[in-house]
Amino acid sequence: MKLVKGNGQSGIQNMLAHYNLTFEGQKHCGLDDSINIARLCIKLMQDKIELRINQRMTQRQDRNEDRRLEELAKSDKADASDYHIWHRKLPLKLRQVTRDEFLSEEYLDCDSCDDIDE
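Converting from the sequence shown to my numbering requires adding 258 to each position, the first position being numbered 1.
Listed below in structure tokens is the structure:
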């Protein structure tokens, strides 16, 4: 599927248009975006297109910067240019997942899916 960039539509809108689907709900609403992405996933699976995880969220391991960030927050020098510092403070990080990792047994067990079954 070739997506058109720079046409003023979001990635979701372009993907939906490729499958002759229209966006349902309010744009930029997380729940509506998720529902539309799910509709796309159903269509992709019907077309036998492989879907896989390409990123996952992991806990941040490095807590050494906490003191530096707390000092920066107290100072009057903090501004928008310090975004990268604040971003590193977030408790979760995105981690790339390779195709081989996705196909490994690590992703066969889904704790959240098990919770639904109970």
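Where a beta carbon is used, it is the ideal one built from N, C-alpha and C, also for glycine.
Between which two residues does the alpha helix (DSSP H) carrying residue i extend?
i	result
residue 301	288-304
residue 311	From DSSP, residue 311 is part of no alpha helix (DSSP H); its letter is neither H nor E.
Starting from residue i, follow the beta strand (DSSP E) in both directions and report where the run begins and ends.
i	result
residue 350	350-354
residue 357	Segment 357-361 is the alpha helix (DSSP H) holding residue 357; no beta strand (DSSP E) there.
Going by beta carbon distance, what residues of the same chain come within less than 6 Å of residue i, once the five residues before and after it are set aside?
i	result
residue 283	290
Can you tell me whether DSSP reads residue i as helix, strand or coil?
i	result
residue 317	strand
residue 283	coil
residue 271	helix
residue 364	helix
Short of 8 Å in beta carbon distance, which residues of its chain neighbour residue i, apart from the five on each side in sequence? Order them along the chain.
i	result
residue 375	The pLDDT assigned to residue 375 is 47, lower than 50, so where the model puts this residue is not dependable; a value taken from the coordinates is nonetheless given after this. No residues qualify anywhere along the chain.
residue 277	298, 301
residue 303	309
Quick check: does the Cβ of residue i come within less than 6 Å of any heavy atom belonging to the ligand MN?
i	result
residue 308	As presented, the structure is devoid of all ligands, the ligand MN included, so that no description of it is given.
Going along the chain, which residues of its own chain have a beta-carbon closer than 7 Å to the beta-carbon of residue i, five neighbours each way excluded?
i	result
residue 352	313, 315
residue 308	none
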